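Take a look at the structure below.
Residue numbers (the working numbering): 6 to 477.
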């Protein structure tokens, strides 16, 4: 991999909440590289097998800022198979399961097992089943699969990442992809080409809460899926490495979205670098707009963000900020529609449960970083963000039946402040057993309710997520 690609990749992932989960859960994607075979029989013999088993325990105190505490536990994992490539063609399969074992079912009022294993306390799904063709310039995949784009991706927080059914492809326009045929999610992130393009048409998806694929999404019981086009250009100028990317989505019947991002890094010394990023998301109607509870609202949202930081070897620290202007009478008076993304890592100021795209218009600022300790075995990702929402509602973003798509029965608070701190810890236990790791992620959000309209909110909201994982 070129120096440019390595530097840009490190810069992009250095301060992302999503990067913490991806680094700990890459085996979910089945990243073994299938060999290129001389015959169909050789391709079958060169089938690679990978996977993961583990246990998760989640605790949600004052879930959604309501006076409730939820607990969830599950054991599970995944098994992935990918054949060798014959004449460029290969096949991938991936099965995923999570089982609650009924650990918290004796207290239904506090049983949050659906977060991990659906409402049936257990789920299993064939989330990957695809035919793939790949060479140095082109990769095309059809069937059940994972994709990794800014606003349609996996959200790697359970045993069952979000999967899609459809067709996707990547073309390397300038330069080649130097890696062999692979079974990673379709993405531009790992491309080593100077200019690459991704296109995908997805018809339905399998959420992390369900065993079955559905043609609905976060907002609708039935939809026509989406289409996405994206491109990335990466290069260097003198001592500056840079990357530019642009994306277009049409979430049919809901919204059209443009997303752009620019990244740069430049060395300041032999062990330190300056890096920065800027981003913009602009979203409007696709069709009539979004219609929660029988009322149609236009979609008109714009989010601007920036990040500036320093890296010191494997450690880094960055200042982050976001701003979203008002669009009165639109959904959330300027909030975003994101049917296939949990908004946990795309916007620079996203935290585990809160983000400006969900809250609607307002601003956020904070600090984030990565600390490597104990000879690189312990990775710590702390983040602190201050949000100011023009029309705040405590951060509960899971219902949309109220006026302008706000939660049902809620009067938003003008200029509500929400204070959030979260941190991720992962420890590599390879000295005990290769592929073994333990991780803990925790966050707390305090909604500053300045009026009596929302006093039923309990503060702070708190979550704890513990993972024990063995990847093979």
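From the three backbone atoms N, C-alpha and C, an ideal C-beta is built for every residue, glycine too.
Since the structure is predicted, the reported quantities are computational estimates derived from the model, not experimental observations.
Asked                                                                                                                                              : Found
Span of the beta strand (DSSP E) holding residue 272?                                                                                              : 260–272
With a floor of 3 residues, list each beta strand (DSSP E) that falls wholly inside the segment 90–114, ordered by position along the chain.       : 94–104
Do residue 230 and residue 147 count as a contact pair if the criterion is CB distance below 8 Å?                                                  : no
If you check the beta carbons only, do residue 233 and residue 198 fall under 8 Å apart?                                                           : no
Curious, which full-length beta strand (DSSP E) runs of at least 3 residues does the segment 206–249 contain?                                      : 231–242
Three-state secondary structure (DSSP) at residue 375?                                                                                             : strand
Quick check on residue 29: does DSSP put it in helix, strand or coil?                                                                              : For residue 29, the predicted model reports a pLDDT of 39, less than 50, meaning its position is unreliable; a value from the coordinates is still stated below. Helix, per DSSP.
Within a Cβ cutoff of 6 Å, which residues of the same chain sit near residue 143, ignoring the five residues on either side of it in sequence?     : 176
With DSSP run on the structure shown, which of helix, strand or coil describes residue 198?                                                        : coil
Quick one: what does DSSP say residue 79 is sitting in, helix, strand or coil?                                                                     : strand
What three-state label does DSSP hand residue 297 in the structure shown?                                                                          : helix
To which residues of the same chain is residue 11 closer than 8 Å at the C-beta, ignoring the five residues directly before and after it?          : Because residue 11 carries a pLDDT of 42, less than 50, the predicted location of this residue cannot be relied on, and the following value inherits that uncertainty. Cβ neighbours of residue 11 beyond the five flanking positions: none.
Residue 1 by DSSP, collapsed to three states: which one?                                                                                           : There is no way to answer for residue 1, as the model of the chain reaches only from 6 to 477.
With DSSP collapsed to three states, give me the class of residue 472.                                                                             : strand
Given this structure, state the Cα-to-Cα distance separating residue 360 from residue 382, to the nearest angstrom.                                : 30 Å
Note down the Cα distance separating residue 26 from residue 124, rounded to an integer number of angstroms.                                       : Confidence in residue 26 is poor, its pLDDT being 37 and thus under 50, which makes the residue's placement unreliable; the coordinate value appears in the next sentence. Approximately 24 Å, taken between the alpha carbons.
Does the distance from the CB of residue 396 to the CB of residue 338 come in under 8 Å?                                                           : yes
Measure the alpha-carbon distance for residue 335 versus residue 272 and round it to whole angstroms.                                              : 44 Å
Can you tell me which of the three DSSP states residue 47 falls into?                                                                              : helix
Count the other CB atoms within 10 Å of the CB of residue 321; is the residue buried (16 or more) or exposed (fewer)?                              : buried
Could you check the C-alpha separation between residue 344 and residue 43 for me, to the nearest Å?                                                : 42 Å
Would residue 75 and residue 115 qualify as a contact pair, given that the criterion is a beta-carbon distance under 8 Å?                          : yes
Measure the alpha-carbon distance for residue 102 versus residue 153 and round it to whole angstroms.                                              : 21 Å
For residue 474, is the classification buried or exposed, using 16 other Cβ atoms within 10 angstroms of its Cβ as the cut-off for buried?         : buried
Thinking C-alpha only, which one of 280, 281, 310 is nearest residue 264?                                                                          : 310
What separation, rounded to the nearest whole angstrom, lies between the Cα atoms of residue 122 and residue 132?                                  : 15 Å
Establish whether the CB of residue 229 and some CB of chain C are separated by less than 8 Å.                                                     : The chain inventory of the structure shown lacks chain C, comprising one protein chain alone.
May I ask you to list the residues that DSSP assigns as paired with residue 303?                                                                   : For residue 303, which the question treats as bridged, DSSP gives no partner whatsoever.
Let me check understanding here. Comparing Cα to Cα, which of 367, 315, 85, 373 lies closest to residue 350?                                       : 373
Quick one: grab the DSSP three-state call for residue 121.                                                                                         : helix
Exposed or buried, what is residue 83 when buried is set at 16 or more other beta-carbons lying within 10 Å of its beta-carbon?                    : buried
For residue 452, count the other beta carbons within 10 Å of its own beta carbon; 16 or more makes it buried, fewer makes it exposed. Which is it? : buried
Tell whether a beta-carbon distance below 8 Å holds between residue 394 and residue 426.                                                           : no
Pull up the DSSP beta-bridge partners for residue 87, would you.                                                                                   : 53, 97
For residue 130, which of 218, 180, 97, 66 has the nearest alpha-carbon?                                                                           : 218
I need the straight-line Cα distance from residue 366 to residue 207, nearest angstrom please.                                                     : 29 Å
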